[in-house]
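Everything on this sheet refers to the single structure shown next.
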Amino acid sequence: MIMIKFNNKGFTYIELAIALAIIAFIVLAFSQLFLSTTVSVKSMEFQTLAYNYAGDKMEEIRNEPFAAIGNPWHPAIWETESQVQSGTTFTRNVRIDRLEDSLKRVDIEVVWTEGGENKNIEISSLIADKW
Amino acid sequence: MLNIKDEKGIALVLALILLVVLSVLAVAMVFLSRYETKFSVKERLSDSALYIADGGVEYAINELQKDISYRGPETNSVGNAGQFTVSVSTQEQPANHYAITSTGYVPDATNPQETRTVTCVVNIVQGTPPFAVGAKEGITVASNITVRGDLRSDGQIVLGSNVFIEPSEPGASDGSIYTSTGMAKGVYITGNLYMQPGREIRSRGPTNASQGGDTPATGIYQESKIKSGNPLIVEGDTSGDTNPIGSYNSVDLGALDNMDKVVYDEFKDYTSNETFNLDGKVHKFTQGVRFSSNITFEGEGTIWVSGGSGRNYGLELCSNVFGPDGGYASVNLICSGGTWNEADIKINSNVKINGLISGQTEVDANSNVQINGVIESGGTINVNSNVTIQWGEFGFQVPMTGSPTATIVRSWQEL
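Line order of the protein sequences matches chains A and B.
Add 478 to a position in the first sequence, counting from 1, and you land on the number used in this note's numbering.
Add 1 to a position in the second sequence, counting from 1, and you land on the number used in this note's numbering.
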C-alpha cells in the first residue's frame, strides 16, 4: 500500500506577510479605482443635472416671442434662478446679447459647488426674429 | 501511481477561480461605469454642439431675411461655447424655399471634439410687388381699362379713356397712381379717369410751365379729366416713399433657375388647339416661345424666356389662351433676356392669367385680357383696350427679391 505523505506544515509568517501585502496592494488599487469612479459618477450626475437645467431654459426661450427675450437695453444677465437637486444648489444665469435688431445670442450658464470646488457649464445659441 | 481520489486542495483552486471571476466582474463594472460617465460627457458636449448648430440655422434665417441671396458658407462663433458653419441652398427646392445646413462644433471648427449637423427648410415668402402695374420707364393704357391696385412708374404714365383705378379689394387702401419722373406730364390723363375717394396721384414732374404743362406744376397733365374720386394731386412730389422700387425686375432669376425645370434650347412654336401641361415646373425657353390661338394651360407653372433674338416677341400668347374650362391659366410669364423687335412679352386678345407677368424691356397686352396678379417691366408697359388687371397673389410661386412678408419653417431635422 502506498501512503501519500502530506505536508502538514503551516504557512510561515513570511508567507503570510507577503500574501497580506499582495492582498493589501490589490485592495488598495481597487478601492482607489472604486473611489475615483464614484467621484466621477457623482460629478457626472451633477453635470448632467446642470446641462438639463440649462437645456430646459433654452427650450423655454426658443418658444418665446422674439421681442420678449431679454432686456432690450441691458445686454447683461437677464435672469438668475436657483434649484436644489441631489442636495446641491444649481444656479442658472441667462445672458441675452442683442447682436442685431433681429438676432440675439442666448448664453445659459449653470454654476454649482462640488467638493468645495466651483463648477460651471455653459450652452449658447442664436435666435432670429422670424417674420 | 497517482492517487486520483485525493481531492484535497480543490477548495483553494475553486476559491481562487471564484476570486478571479469576481475581480474581473468588479473591474468590468468599474470600467463600464467609467465608460458611461465618459459617454455622458460626450453626450452633453454633443447637446451643446446641437444648440450651436441650431444657432447657425437661426443666423442664416436672419441673413436670408435681410438679403435673400445669402448662401454662405460662413463660420461664426457663438460666444465662447463653440462655432458653426452654415450654408444655404435652393437646389431642388420649391420657389422661396431655402435649405439651410448648419454644423455646430465644440469647442471650435478647427479641432472639434463634438460635431452635430442640422438641416432646416424655411419658406421665406416674398411680398407680391405692392403694385398691380409697375414699369421702370413708362406705362401707357388705352381705353376701357380697370386696374385694381396701384400704378407705379419711374417714367410717364399715359391714361386713355374710361380708365378705372380701384382698390385691389373692398376696404384696401391702394388704387393710386405714382410716378417719379423728372419730365413734364409725368401722369398724362388723356380721357376720363375714374378713381375712388381718398386716393392720390403723385408725380415728381418739374413745376415748370415752359415744359408743356397746363399749370405751372406740370407733373400731372389734364386733371380736369378726372371724373370721380377727387384724388389728392401732388406735383413736384419730393417724398421718398412713393416709389420705393429701384429696379422693377423683381424675380430672383438665380433661384428660379434652381427650381424644378424643363429647358427648351430652341425656339418653340406651339400651334393652335394645343394643351400645354405646366406640371408644377419652370419651363425655360432659351430661344423664345410662341403660343398660337386656342391654347389651354393645364396645371400651374412658370414660362420663362431667358434669351434669344430675331423675332418680334420673346414670349407671345396669341388669342384665346385660358386655363382649363376657359378659366384663368395659373402661369407666370417671365422674359428676362433676349433681343426682340417689338416687345419681350406680347399678350394678344382673350387671355386670362393668374400670375406674374414680368418683362425686361417691354410688355404689351392687347384686348380682352384679364390678369390676376401683377404686370411689371424693366422698361415700358402698353395696355390696349378692355383689359382688367387685378392685383393679387400669384397662383404658382415665383422666387422674388424684396422684403419678406413671412418666414415659415417647413422642416427641421438632424443629419
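Glycine included, C-beta positions come from ideal geometry on N, C-alpha and C.
Residue interval of the alpha helix (DSSP H) (run including residue i)
{"i": "F132/B", "result": "Segment: none, F132/B is in no alpha helix (DSSP H) and carries neither H nor E."}
{"i": "Q66/B", "result": "11–67"}
{"i": "L254/B", "result": "254–258"}
9 Å Cβ cut-off: residues of chain A touching residue i
{"i": "S417/B", "result": "This structure cannot settle anything about residue 417/B, because the visible part of chain B is limited to 2 through 416."}
{"i": "A82/B", "result": "D585, E600, I601, S602, S603"}
{"i": "G10/B", "result": "Residues of chain A passing the Cβ test: none, with the nearest at roughly 10 Å."}
{"i": "G73/B", "result": "Residues of chain A passing the Cβ test: none, with the nearest at roughly 14 Å."}
{"i": "G356/B", "result": "Near G356/B there are no residues of chain A at all, since even the closest Cβ is about 23 Å away, more than 9 Å."}
Integer-rounded CB distance, given that residue j should sit under 8 Å from residue i
{"i": "Q414/B", "j": "T120/B", "result": "6 Å"}
{"i": "S177/B", "j": "E201/B", "result": "5 Å"}
{"i": "Y529/A", "j": "R45/B", "result": "5 Å"}
{"i": "E317/B", "j": "F292/B", "result": "7 Å"}
{"i": "K608/A", "j": "I62/B", "result": "6 Å"}
{"i": "G356/B", "j": "F397/B", "result": "6 Å"}
{"i": "K285/B", "j": "Y265/B", "result": "7 Å"}
{"i": "V364/B", "j": "S378/B", "result": "5 Å"}
{"i": "S294/B", "j": "N321/B", "result": "5 Å"}
Boundaries (first-last residue) of the beta strand (DSSP E) holding residue i
{"i": "A344/B", "result": "344–348"}
{"i": "T297/B", "result": "296–299"}
{"i": "E538/A", "result": "First-last for E538/A: 491–540, but that is the alpha helix (DSSP H), not the beta strand (DSSP E)."}
{"i": "G374/B", "result": "370–378"}
{"i": "N383/B", "result": "381–384"}
{"i": "K228/B", "result": "227–229"}
{"i": "I146/B", "result": "146–149"}
{"i": "N204/B", "result": "Checking the displayed sequence, the identity of residue 204/B turns out to be Ser instead of Asn. Where S204/B is concerned, the enclosing beta strand (DSSP E) stretches over 201–204."}
{"i": "I158/B", "result": "157–160"}
{"i": "S444/B", "result": "Any question about residue 444/B goes unanswered here, given that chain B covers just 2 to 416."}
{"i": "R72/B", "result": "Per DSSP, R72/B belongs to no beta strand (DSSP E) and is neither H nor E."}
{"i": "V123/B", "result": "115–127"}
{"i": "T191/B", "result": "It is not in any beta strand (DSSP E) - T191/B carries neither H nor E in the DSSP assignment."}
{"i": "A100/B", "result": "98–107"}
{"i": "T402/B", "result": "No beta strand (DSSP E) contains T402/B, which DSSP labels as neither H nor E."}
{"i": "K269/B", "result": "269–271"}
{"i": "Q223/B", "result": "Here Q223/B belongs to no beta strand (DSSP E), and DSSP marks it neither H nor E."}
{"i": "L416/B", "result": "Careful: L416/B lies outside any beta strand (DSSP E) and carries neither H nor E."}
{"i": "T276/B", "result": "276–278"}
{"i": "T180/B", "result": "178–180"}
{"i": "F292/B", "result": "290–292"}
{"i": "S466/B", "result": "Examination of residue 466/B is not possible in this model, given that chain B is present from 2 through 416 alone."}
{"i": "T141/B", "result": "139–142"}
Partners in chain B for residue i, counting only beta-carbon separations shorter than 8 Å
{"i": "A606/A", "result": "E59, Y60, I62, N63, Q66"}
{"i": "E542/A", "result": "Those do not exist, as E542/A stays about 14 Å from chain B at its closest Cβ, beyond 8 Å."}
{"i": "T526/A", "result": "S41, R45"}
{"i": "N581/A", "result": "Looking at the sequence provided, one finds Leu at residue 581/A rather than Asn. Those within 8 Å of L581/A in chain B are E59, Y60, N63."}
{"i": "E578/A", "result": "N63"}
Amino acids of chain A, ordered along the chain, whose beta-carbon sits closer than 7 Å to that of residue i
{"i": "T408/B", "result": "K608, W609"}
{"i": "T38/B", "result": "S518, V519, M522"}
{"i": "V322/B", "result": "Near V322/B there are no residues of chain A at all, since even the closest Cβ is about 36 Å away, more than 7 Å."}
{"i": "V79/B", "result": "R583, S602, S603, L604"}
Cross-chain neighbours of residue i in chain B, by beta carbon under 7 Å
{"i": "Y623/A", "result": "Missing from the structure shown is residue 623/A; chain A here goes from 479 to 609 and no further."}
{"i": "F512/A", "result": "V31"}
{"i": "G548/A", "result": "The premise fails here: G548/A is roughly 14 Å from chain B at the closest Cβ pair, so nothing lies under 7 Å."}
{"i": "G488/A", "result": "Result: empty, since nearest Cβ-Cβ is about 14 Å, beyond 7 Å."}
Proximity test, residue i beta-carbon vs the ligand PLP heavy atom, cut-off 8 Å
{"i": "G548/A", "result": "The model on display carries no ligand, and the ligand PLP is accordingly not part of it."}
Chain-ordered neighbours of residue i on chain B, where CB pairs are closer than 9 Å
{"i": "G593/A", "result": "The contacting residues do not exist; G593/A stays about 16 Å from chain B at best."}
{"i": "E557/A", "result": "In chain order: nothing, as chain B lies at least about 16 Å away."}
{"i": "F508/A", "result": "S24, A27, V28, V31"}
{"i": "G565/A", "result": "None at all; the shortest Cβ gap to chain B is about 19 Å."}
Residue i: contacting residues in chain A (beta-carbon distance under 8 Å)
{"i": "I53/B", "result": "S602, S603"}
{"i": "S388/B", "result": "What sits at residue 388/B in the sequence shown is Val, not Ser. The contacting residues do not exist; V388/B stays about 34 Å from chain A at best."}
Between the stretch 554–567 of chain A and the stretch 40–57 of chain B, can you find at least three pairs of beta-carbon atoms closer than 8 Å? no
Does the pairing of the stretch 99–109 of chain B with the stretch 220–233 of chain B give three or more beta-carbon distances under 8 Å? no
Could you say if the stretch 593–605 of chain A and the stretch 10–30 of chain B meet the contact criterion of at least three C-beta pairs nearer than 8 Å? Per the Cβ contact rule, the stretch 593–605 of chain A is not in contact with the stretch 10–30 of chain B (fewer than 3 Cβ pairs under 8 Å).
Examine the Cβ distances between the stretch 90–101 of chain B and the stretch 31–42 of chain B and report whether three or more of them are shorter than 8 Å. no
Mind listing, in chain order, the continuous beta strand (DSSP E) runs of no fewer than 3 residues lying wholly within the stretch 312–362 of chain B? Segments of the beta strand (DSSP E) lying fully in the stretch 312–362 of chain B: 314–318, 331–336, 344–348, 352–360.
Decide yes or no for the touch test of the stretch 145–162 of chain B against the stretch 382–396 of chain B: beta carbon pairs closer than 8 Å, at least 3 of them. yes
3 or more residues per run - each beta strand (DSSP E) lying fully within the stretch 577–609 of chain A: Listed in chain order, they are 581–592, 595–606.
Looking at C-beta atoms only, is the number of pairs between the stretch 157–165 of chain B and the stretch 188–199 of chain B that lie closer than 8 Å three or more? yes
Are at least three pairs of beta-carbons, each pair with one atom in the stretch 300–313 of chain B and one in the stretch 342–351 of chain B, less than 8 Å apart? yes
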